[in-house]
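Worksheet: the structure to be examined is printed underneath.
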Amino acid sequence: MRLATWNVNSVTARLPRLLDWLAAVEPDVVCLQETKTAEFPAKEVGALGYEVAAHGNGRWNGVAVLSRVGLTDVSSGYPGEPGFPDPEARALGATCDGVRVWSVYVPNGRTVDDPHYAYKLAWLAALTGALTPEVAAYERLAVCGDFNVAPTDRDVWDPKAFVGATHVTEPERAALAGLRDVGLVDVLPRPLKGDNPFTYWDYRAGMFHQDMGMRIDLVYATAPLAGAVTDAYIDREARKGKGPSDHAPIIVDF
DNA sequence: ATGCCTTATTTCATAAGA
C-alpha cells in the first residue's frame, strides 16, 4: 500500500495540483488537511478512482481521507475532542483495506500565552486518549497529518529562531512522546534533497529556496505497520512551481 | 534550480497560518 499525507492549504485552491499529483504518485490512501471547505470536490477525485470521506465546515481547518482500496468505518472527530469552544473539523478516521487511518490537523497554538496553546495541548492529550483503544484494536494503524509540532531541534531550520515560540516547546514535544508511549512509531521520511526532513516552508522571503523549513507533518504508525515500511519520503517536488501549498506531501510505502 | 505570502470570507480589509 502507498499511503500519503498532505496539508493542501485549501483543496479548492489546490485541486488542479492535487489531481495532477494523484495521477503521478498514485497513492492508495491519502490523508488531507486544511481542506478549508464544506463541499469537498468528491466528483473530481472520484474520477481518478478515489472514494472520499471528508470532515469540513468552511473557511478554516478541514480534513479528509481518500482511498482507492476501500473506505469504511468513517469517524468524524473523536470521543472527548476539545473545541474552541466547539469541536472543529480536525480529525477523521477510516479503515482502508484493513489499515486504520487517521487524518489529523492539530491546532496551531499561535503563541505560548494564547488560549489556543492550551487548546492545542488539550487536543493532543485527548487525541492520545481516543487513539489508545484504536491502537489496541487495529494492528495496522497510522495517524497522519499536520501535528504542528517539530519533534526535535533537528526538525527546524534554526532552533535559535524558535526560542519562546510554539511548535518546539517541551509540553508540545511531550505530547508527541505521549503518542509514542501508547505504541505509535514516528516514521521518519527521507528528504529528496539535502539532509533536512522538512515538510513545511513559509511562503514568505524565499524560505523554501533556502531550505528554511520545519518537520511538522508526521506519520505515526503502530509498530507492525512501521516495521513493514519499505520507503518513506517527502515529495518536495510538490512544493515547487506556481501555486503550491506551503506543505509538502509525505509518501509511505509498506 | 527552487524564486522571494496565501487563503476564504463577514471581499477592496481581515484573521489565520507557524
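Heads up: the first sequence at position 119 corresponds to 160 in our numbering, and the numbers run straight through without jumps. We put the beta carbon where it would ideally sit given N, CA and C, even for glycine. Note that the coordinates shown come from a computational prediction; the quantities given were computed from them, not determined experimentally.
Nearest-angstrom Cβ-Cβ length linking residue i and residue j, presumed shorter than 8 Å
i, j, result
"Arg109", "Asp69", "6 Å"
"Tyr146", "Glu80", "With a Cβ gap of about 18 Å, Tyr146 and Glu80 do not count as contacting."
"Gly121", "Gly170", "6 Å"
"Ala45", "Ile291", "6 Å"
"Leu229", "Arg277", "The pair is not a contact, with the Cβ atoms about 15 Å apart (cut-off 8 Å)."
"Leu162", "Pro212", "6 Å"
"Phe125", "Tyr160", "5 Å"
"Val223", "Val176", "6 Å"
Contact set for residue i: own chain, Cβ-Cβ below 6 Å, skip 5 residues either direction
i, result
"Glu129", "Asn102"
"Arg131", "Asn102 and Tyr146"
"Val115", "Ala94 and Ala135"
"Leu225", "Tyr261"
"Asp294", "Arg43, Thr271 and Asp272"
"Ala83", "Val93"
"Val140", "Arg181"
"Gly97", "Thr76, Thr78, Ala79, Gly103 and Ala130"
"Trp143", "Gly134 and Val184"
Coil, strand or helix - residue i by DSSP
i, result
"Ala166", "helix"
"Asp196", "helix"
"Tyr146", "strand"
"Leu229", "coil"
"Ala159", "helix"
"Arg181", "coil"
"Ala269", "coil"
"Ala216", "helix"
Cβ shell of residue i (< 8 Å), same chain only, five flanking positions each side left out
i, result
"Leu112", "Glu92, Val93, Ala94, Val106, Ala135, Thr136 and Cys137"
"Gly87", "Val93"
"Ala166", "Ala216 and Gly219"
"Asp227", "Pro192, Leu217, Arg221, Leu259, Val260 and Tyr261"
"Trp164", "Glu122, Pro123, Arg131, Val147 and Pro148"
"Glu67", "Arg43"
Counterpart residues of residue i in DSSP-defined beta bridges
i, result
"Ile298", "Beyond the ends of the chain as shown, which are 42 and 295, falls residue 298; an answer cannot be given."
"Arg256", "Answer by DSSP bridge pairing: none, since Arg256 is not bridged."
"Tyr261", "Val184 and Asp227"
"Ala191", "Looking at the DSSP assignment, Ala191 forms no beta bridge with any residue, so it has no partner."
"Arg141", "Thr136 and Leu182"
"Trp62", "Looking at the DSSP assignment, Trp62 forms no beta bridge with any residue, so it has no partner."
Residues near residue i in its chain [Cβ-Cβ closer than 7 Å; skip 5 each side]
i, result
"Arg214", "Val190 and Pro192"
"Asp20", "As displayed, the chain neither begins before 42 nor continues past 295, which places residue 20 out of reach and without an answer."
"Pro174", "none"
"Leu59", "Val49 and Val52"
Near the ligand FAD: residue i beta-carbon under 8 Å from a heavy atom
i, result
"Pro174", "You won't find the ligand FAD in this model; it holds no ligand whatsoever."
Could you tell me which whole alpha helix (DSSP H) segments of length 4 or greater appear in the segment 66-116? 83-87
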